[in-house]
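Reviewing the structure listed below.
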Amino acid sequence: MKAIVITSPGGPEVLQLQEVEDPQVGDDEVLIRVHATALNRADTLQRKGSYPPPKGASPYPGLECSGTVLSVGKNVSRWNIGDQVCALLCGGGYAEKVAVPVGQVLPVPPAISLTHAATFPEVACTVWSTIFIMSRLSQGETLLIHGGSSGIGTFAIQMAKYRGSRVFVTAGTEEKLAFCKTIGADVGINYKTQDFVARVKEETGGQGVDVILDCMGASYYQRNLDSLNFDGRLFIIGFQGGTTAQVDLRPLLAKRLTVQAAGLRNRSLENKAVIVNEVEKNVWPAIAEGKVKPVVYKSFPLSEAAEAHRLMESSQHIGKILLVP
(Lines of atoms letter the chains of each structure in order from A and count residues from 1; the text may use other names and numbers.)
(Lines give C-alpha, C1' and ligand atoms only; values in the text may rest on other atoms or scores of the structure.)
Protein backbone atom coordinates (compact mmCIF):
# COMPACT_ATOMS: atom_id res chain seq x y z
CA MET A 1 0.00 0.00 0.00
CA LYS A 2 0.98 3.68 -0.12
CA ALA A 3 1.47 5.69 3.06
CA ILE A 4 2.93 8.99 4.17
CA VAL A 5 6.30 8.31 5.77
CA ILE A 6 8.09 10.77 8.07
CA THR A 7 11.57 10.47 6.56
CA SER A 8 13.19 12.40 9.44
CA PRO A 9 12.02 14.85 12.10
CA GLY A 10 11.44 18.25 10.54
CA GLY A 11 9.18 20.50 8.52
CA PRO A 12 6.32 19.50 6.22
CA GLU A 13 8.77 18.56 3.47
CA VAL A 14 9.80 15.40 5.40
CA LEU A 15 6.36 13.87 4.66
CA GLN A 16 6.85 11.55 1.68
CA LEU A 17 4.40 9.21 -0.06
CA GLN A 18 6.02 5.78 -0.28
CA GLU A 19 5.19 2.14 -0.95
CA VAL A 20 5.12 0.25 2.36
CA GLU A 21 3.97 -3.14 3.60
CA ASP A 22 0.29 -3.71 4.30
CA PRO A 23 -0.66 -3.70 8.00
CA GLN A 24 -1.09 -7.04 9.76
CA VAL A 25 -4.54 -7.61 11.24
CA GLY A 26 -4.80 -9.05 14.77
CA ASP A 27 -7.54 -11.30 16.12
CA ASP A 28 -9.31 -8.33 17.72
CA GLU A 29 -8.77 -5.86 14.87
CA VAL A 30 -10.49 -4.61 11.74
CA LEU A 31 -8.64 -3.79 8.50
CA ILE A 32 -10.02 -0.64 6.90
CA ARG A 33 -9.43 0.68 3.38
CA VAL A 34 -9.03 4.36 4.17
CA HIS A 35 -11.40 6.66 2.32
CA ALA A 36 -10.39 9.82 4.18
CA THR A 37 -8.35 10.89 7.19
CA ALA A 38 -8.35 14.20 9.05
CA LEU A 39 -5.37 16.22 10.28
CA ASN A 40 -4.86 16.89 13.97
CA ARG A 41 -2.35 19.18 15.62
CA ALA A 42 -0.70 16.10 17.12
CA ASP A 43 0.28 14.98 13.60
CA THR A 44 2.51 18.04 13.24
CA LEU A 45 4.15 17.27 16.58
CA GLN A 46 4.81 13.68 15.49
CA ARG A 47 6.35 15.00 12.27
CA LYS A 48 8.72 17.16 14.31
CA GLY A 49 9.74 14.19 16.47
CA SER A 50 8.12 15.36 19.71
CA TYR A 51 5.08 13.05 19.81
CA PRO A 52 6.09 9.49 18.94
CA PRO A 53 3.42 6.82 18.43
CA PRO A 54 2.76 4.38 21.29
CA LYS A 55 4.64 1.09 21.30
CA GLY A 56 3.21 -1.25 18.68
CA ALA A 57 1.23 1.45 16.87
CA SER A 58 1.59 2.32 13.19
CA PRO A 59 4.59 4.61 12.54
CA TYR A 60 2.58 6.67 10.05
CA PRO A 61 0.65 9.78 11.15
CA GLY A 62 -3.12 9.98 11.30
CA LEU A 63 -5.35 9.66 14.37
CA GLU A 64 -8.74 9.11 12.70
CA CYS A 65 -10.18 7.85 9.45
CA SER A 66 -13.24 6.70 7.57
CA GLY A 67 -13.39 3.85 5.13
CA THR A 68 -14.61 0.39 4.21
CA VAL A 69 -13.93 -2.84 6.11
CA LEU A 70 -11.59 -5.10 4.11
CA SER A 71 -11.21 -7.94 6.65
CA VAL A 72 -11.84 -8.72 10.31
CA GLY A 73 -9.94 -10.68 12.95
CA LYS A 74 -11.29 -13.99 14.18
CA ASN A 75 -12.66 -12.47 17.42
CA VAL A 76 -14.57 -9.68 15.65
CA SER A 77 -18.33 -10.20 15.34
CA ARG A 78 -19.89 -6.75 14.92
CA TRP A 79 -18.29 -5.76 11.60
CA ASN A 80 -18.38 -7.42 8.19
CA ILE A 81 -16.44 -6.98 4.98
CA GLY A 82 -17.88 -4.03 3.07
CA ASP A 83 -19.21 -2.14 6.09
CA GLN A 84 -18.65 1.61 6.02
CA VAL A 85 -17.05 2.78 9.26
CA CYS A 86 -14.95 5.46 10.89
CA ALA A 87 -12.35 4.92 13.58
CA LEU A 88 -10.17 6.41 16.30
CA LEU A 89 -6.54 5.49 15.60
CA CYS A 90 -3.23 5.35 17.47
CA GLY A 91 -1.64 6.17 14.11
CA GLY A 92 -1.70 5.06 10.50
CA GLY A 93 -4.47 7.19 9.03
CA TYR A 94 -2.17 8.72 6.38
CA ALA A 95 -2.25 5.48 4.38
CA GLU A 96 -4.43 3.44 2.04
CA LYS A 97 -5.13 0.80 4.71
CA VAL A 98 -5.04 0.71 8.51
CA ALA A 99 -5.59 -1.99 11.14
CA VAL A 100 -7.72 -0.80 14.07
CA PRO A 101 -8.65 -2.40 17.42
CA VAL A 102 -12.32 -3.31 17.17
CA GLY A 103 -13.22 -1.20 20.23
CA GLN A 104 -12.20 1.95 18.33
CA VAL A 105 -14.42 1.41 15.28
CA LEU A 106 -17.70 3.30 14.86
CA PRO A 107 -20.49 3.21 12.28
CA VAL A 108 -20.66 6.16 9.91
CA PRO A 109 -23.21 8.53 11.49
CA PRO A 110 -26.60 8.65 9.73
CA ALA A 111 -26.87 11.24 6.93
CA ILE A 112 -23.08 11.85 6.95
CA SER A 113 -20.95 11.12 3.89
CA LEU A 114 -18.12 8.62 4.16
CA THR A 115 -15.65 11.45 3.51
CA HIS A 116 -17.05 13.71 6.24
CA ALA A 117 -17.23 10.82 8.73
CA ALA A 118 -13.43 11.09 8.97
CA THR A 119 -13.82 14.43 10.76
CA PHE A 120 -15.51 13.00 13.85
CA PRO A 121 -13.67 10.21 15.75
CA GLU A 122 -10.75 12.14 17.27
CA VAL A 123 -12.66 15.33 18.09
CA ALA A 124 -15.75 13.51 19.35
CA CYS A 125 -13.71 11.27 21.66
CA THR A 126 -11.59 14.20 22.86
CA VAL A 127 -14.52 16.51 23.55
CA TRP A 128 -16.78 13.89 25.11
CA SER A 129 -14.05 12.49 27.40
CA THR A 130 -12.73 15.86 28.56
CA ILE A 131 -15.71 18.22 28.73
CA PHE A 132 -18.48 15.80 29.56
CA ILE A 133 -17.03 12.69 31.24
CA MET A 134 -14.21 14.26 33.27
CA SER A 135 -15.30 17.90 33.61
CA ARG A 136 -19.01 17.03 33.92
CA LEU A 137 -20.32 20.01 31.97
CA SER A 138 -24.05 20.02 32.57
CA GLN A 139 -27.10 21.80 31.21
CA GLY A 140 -27.19 25.48 32.13
CA GLU A 141 -23.44 25.75 32.82
CA THR A 142 -20.98 27.95 30.90
CA LEU A 143 -18.06 26.71 28.80
CA LEU A 144 -15.04 28.63 27.47
CA ILE A 145 -13.25 27.05 24.50
CA HIS A 146 -9.85 28.39 23.51
CA GLY A 147 -9.28 28.04 19.78
CA GLY A 148 -12.98 27.95 19.01
CA SER A 149 -12.45 27.74 15.24
CA SER A 150 -10.26 24.62 15.40
CA GLY A 151 -11.50 21.14 14.64
CA ILE A 152 -11.98 20.42 18.33
CA GLY A 153 -13.39 23.90 18.94
CA THR A 154 -16.04 23.79 16.22
CA PHE A 155 -17.16 20.36 17.40
CA ALA A 156 -17.19 21.36 21.09
CA ILE A 157 -19.30 24.45 20.38
CA GLN A 158 -21.99 22.39 18.69
CA MET A 159 -21.98 19.59 21.25
CA ALA A 160 -22.11 21.96 24.23
CA LYS A 161 -25.02 23.88 22.73
CA TYR A 162 -26.82 20.61 22.04
CA ARG A 163 -26.44 19.75 25.72
CA GLY A 164 -27.78 23.13 26.86
CA SER A 165 -24.70 25.15 27.80
CA ARG A 166 -23.76 28.77 27.18
CA VAL A 167 -20.57 28.83 25.09
CA PHE A 168 -17.71 31.34 25.05
CA VAL A 169 -14.88 31.06 22.51
CA THR A 170 -11.58 32.75 21.82
CA ALA A 171 -10.13 33.09 18.31
CA GLY A 172 -7.65 35.36 16.56
CA THR A 173 -9.77 36.92 13.78
CA GLU A 174 -13.22 38.41 13.48
CA GLU A 175 -13.94 36.01 10.60
CA LYS A 176 -13.30 33.02 12.86
CA LEU A 177 -15.39 34.48 15.67
CA ALA A 178 -18.25 35.18 13.27
CA PHE A 179 -18.16 31.58 12.06
CA CYS A 180 -18.17 30.27 15.63
CA LYS A 181 -21.33 32.25 16.28
CA THR A 182 -23.04 30.72 13.23
CA ILE A 183 -22.61 27.26 14.76
CA GLY A 184 -23.78 28.23 18.24
CA ALA A 185 -21.16 30.22 20.18
CA ASP A 186 -22.82 32.83 22.40
CA VAL A 187 -19.79 35.04 23.12
CA GLY A 188 -16.77 35.50 20.87
CA ILE A 189 -13.53 37.00 22.19
CA ASN A 190 -10.66 38.13 19.95
CA TYR A 191 -7.62 37.16 22.01
CA LYS A 192 -5.43 39.53 19.99
CA THR A 193 -7.44 42.64 20.86
CA GLN A 194 -9.37 41.75 24.03
CA ASP A 195 -8.56 40.56 27.56
CA PHE A 196 -10.51 37.31 27.74
CA VAL A 197 -10.55 37.33 31.56
CA ALA A 198 -12.21 40.76 31.67
CA ARG A 199 -14.68 39.80 28.95
CA VAL A 200 -15.64 36.55 30.70
CA LYS A 201 -16.19 38.40 33.98
CA GLU A 202 -18.22 41.08 32.21
CA GLU A 203 -20.47 38.50 30.49
CA THR A 204 -21.02 36.42 33.65
CA GLY A 205 -21.70 39.19 36.15
CA GLY A 206 -18.24 38.79 37.67
CA GLN A 207 -18.62 35.07 38.35
CA GLY A 208 -16.60 33.37 35.62
CA VAL A 209 -17.29 30.24 33.57
CA ASP A 210 -17.81 26.72 34.87
CA VAL A 211 -15.55 24.79 32.48
CA ILE A 212 -12.61 25.76 30.26
CA LEU A 213 -11.20 23.61 27.45
CA ASP A 214 -7.65 24.83 26.89
CA CYS A 215 -5.10 24.03 24.18
CA MET A 216 -2.56 26.66 25.24
CA GLY A 217 -1.17 25.44 28.56
CA ALA A 218 1.36 27.62 30.36
CA SER A 219 0.68 30.99 28.73
CA TYR A 220 -3.03 30.87 29.68
CA TYR A 221 -2.80 28.97 32.96
CA GLN A 222 -3.12 31.89 35.40
CA ARG A 223 -5.71 33.68 33.30
CA ASN A 224 -7.74 30.49 33.05
CA LEU A 225 -7.80 30.12 36.84
CA ASP A 226 -8.87 33.75 37.11
CA SER A 227 -11.69 33.14 34.58
CA LEU A 228 -13.32 30.25 36.46
CA ASN A 229 -16.40 30.35 38.65
CA PHE A 230 -16.57 28.65 42.06
CA ASP A 231 -16.18 24.87 41.58
CA GLY A 232 -14.85 25.58 38.08
CA ARG A 233 -12.99 22.99 36.04
CA LEU A 234 -10.02 23.64 33.76
CA PHE A 235 -9.13 20.91 31.26
CA ILE A 236 -5.82 21.19 29.40
CA ILE A 237 -5.44 19.28 26.12
CA GLY A 238 -2.45 21.04 24.56
CA PHE A 239 0.63 23.14 25.18
CA GLN A 240 0.71 25.57 22.26
CA GLY A 241 1.59 28.28 24.79
CA GLY A 242 4.33 26.31 26.52
CA THR A 243 4.66 23.82 29.37
CA THR A 244 6.18 25.82 32.22
CA ALA A 245 4.53 28.66 34.13
CA GLN A 246 4.83 30.44 37.46
CA VAL A 247 1.34 30.75 38.95
CA ASP A 248 -0.53 32.05 41.96
CA LEU A 249 -2.25 28.97 43.38
CA ARG A 250 -4.60 30.84 45.69
CA PRO A 251 -7.57 30.79 43.26
CA LEU A 252 -7.46 26.97 43.34
CA LEU A 253 -8.21 26.97 47.06
CA ALA A 254 -10.39 30.06 47.23
CA LYS A 255 -12.71 28.94 44.42
CA ARG A 256 -12.44 25.12 44.87
CA LEU A 257 -11.07 24.70 41.36
CA THR A 258 -10.18 21.48 39.56
CA VAL A 259 -7.37 21.29 37.00
CA GLN A 260 -7.08 18.24 34.77
CA ALA A 261 -5.17 17.27 31.63
CA ALA A 262 -5.24 14.27 29.33
CA GLY A 263 -4.58 13.05 25.83
CA LEU A 264 -6.22 10.22 23.91
CA ARG A 265 -3.40 8.52 22.07
CA ASN A 266 -1.61 6.86 24.97
CA ARG A 267 -4.70 5.59 26.80
CA SER A 268 -5.19 1.84 27.08
CA LEU A 269 -7.25 0.01 24.46
CA GLU A 270 -9.83 -0.71 27.17
CA ASN A 271 -10.13 2.95 28.10
CA LYS A 272 -10.44 4.04 24.47
CA ALA A 273 -13.14 1.42 23.90
CA VAL A 274 -15.15 2.84 26.82
CA ILE A 275 -14.88 6.37 25.38
CA VAL A 276 -15.80 5.23 21.87
CA ASN A 277 -18.83 3.40 23.22
CA GLU A 278 -19.91 6.52 25.14
CA VAL A 279 -19.47 8.63 22.00
CA GLU A 280 -21.68 6.31 19.97
CA LYS A 281 -24.40 6.47 22.63
CA ASN A 282 -24.25 10.19 23.38
CA VAL A 283 -22.74 12.01 20.40
CA TRP A 284 -23.93 10.04 17.37
CA PRO A 285 -27.62 10.90 18.11
CA ALA A 286 -26.75 14.61 18.02
CA ILE A 287 -25.10 14.14 14.62
CA ALA A 288 -28.08 12.09 13.39
CA GLU A 289 -30.42 14.93 14.42
CA GLY A 290 -28.33 17.42 12.44
CA LYS A 291 -27.42 19.35 15.60
CA VAL A 292 -23.70 18.61 15.20
CA LYS A 293 -22.36 18.93 11.65
CA PRO A 294 -18.95 18.35 10.07
CA VAL A 295 -16.91 21.50 9.50
CA VAL A 296 -14.45 20.91 6.65
CA TYR A 297 -12.14 23.69 5.49
CA LYS A 298 -10.24 21.92 2.70
CA SER A 299 -9.40 18.47 1.36
CA PHE A 300 -6.05 17.40 -0.12
CA PRO A 301 -4.95 14.23 -1.88
CA LEU A 302 -2.72 12.06 0.31
CA SER A 303 0.27 12.95 -1.85
CA GLU A 304 -0.10 16.60 -0.74
CA ALA A 305 0.14 15.88 3.00
CA ALA A 306 2.99 18.38 3.30
CA GLU A 307 0.80 21.16 1.90
CA ALA A 308 -1.98 20.17 4.30
CA HIS A 309 0.46 20.45 7.22
CA ARG A 310 1.56 23.90 6.05
CA LEU A 311 -2.06 25.01 6.06
CA MET A 312 -2.65 23.62 9.56
CA GLU A 313 0.45 25.33 10.94
CA SER A 314 -0.58 28.65 9.37
CA SER A 315 -3.76 28.50 11.52
CA GLN A 316 -5.72 30.07 8.69
CA HIS A 317 -8.25 27.24 8.58
CA ILE A 318 -11.61 26.87 10.31
CA GLY A 319 -12.60 23.35 11.30
CA LYS A 320 -10.99 20.24 9.83
CA ILE A 321 -8.48 19.57 7.05
CA LEU A 322 -8.84 16.25 5.21
CA LEU A 323 -6.53 13.94 3.29
CA VAL A 324 -8.13 11.62 0.76
CA PRO A 325 -5.98 8.70 -0.52
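Counting from 1, one number per residue, gives the positions in the sequence shown under UniProt numbering.
Glycine included, C-beta positions come from ideal geometry on N, C-alpha and C.
In three-state terms, what does DSSP make of residue i?
i           : result
N271        : helix
Y297        : strand
G103        : helix
R47         : helix
S77         : coil
R166        : strand
A38         : strand
residue 339 : Not covered by the structure: residue 339. The range shown for the chain is 1 to 325.
F155        : helix
Q260        : strand
V247        : coil
S138        : coil
A57         : coil
Alpha carbon to alpha carbon, how far is residue j from residue i? Give it in angstroms, no decimals.
i    : j    : result
P53  : E307 : 22 Å
K291 : A160 : 10 Å
T7   : A178 : 39 Å
F132 : A262 : 13 Å
C90  : G208 : 36 Å
L31  : A87  : 11 Å
I183 : I157 : 7 Å
G238 : V98  : 26 Å
L137 : V211 : 7 Å
V259 : A117 : 32 Å
A254 : I236 : 20 Å
I189 : F168 : 8 Å
Can you list, in chain order, the residues of its chain with a C-beta nearer than 7 Å to that of residue i? Leave out the 5 residues immediately preceding and following it.
i    : result
Y297 : H317, I318, G319, K320 and I321
A288 : P109, P110 and A111
Which residues in the same chain as residue i place their Cβ atom closer than 6 Å to its Cβ, once the five residues preceding and following it in sequence are excluded?
i    : result
A124 : V279 and V283
Q222 : V247
N40  : L63 and E122
Would you mind giving the Cβ-Cβ distance between residue i and residue j, rounded to the nearest angstrom? I have them listed as a contact below 8 Å.
i    : j    : result
I112 : P285 : Incorrect: roughly 13 Å between the Cβ atoms, too far for contact.
V34  : A95  : 6 Å
Excluding the 5 residues preceding and the 5 following residue i in the sequence, name in chain order all residues of the same chain whose CB lies nearer than 8 Å to its CB.
i    : result
L269 : P101, G103 and Q104
S299 : A36, T115, I321, L322, L323 and V324
List, from N- to C-terminal side, the alpha helix (DSSP H) runs of 4 residues or more that fit wholly inside the segment 168 to 218.
174 to 182 and 196 to 203
My parser needs the alpha helix (DSSP H) runs of 4 or more residues fully inside the segment 9 to 34; what are they?
none
Start-end ranges of the beta strand (DSSP E) lying completely within the segment 79 to 126, minimum 3 residues
84 to 88, 97 to 101 and 105 to 107
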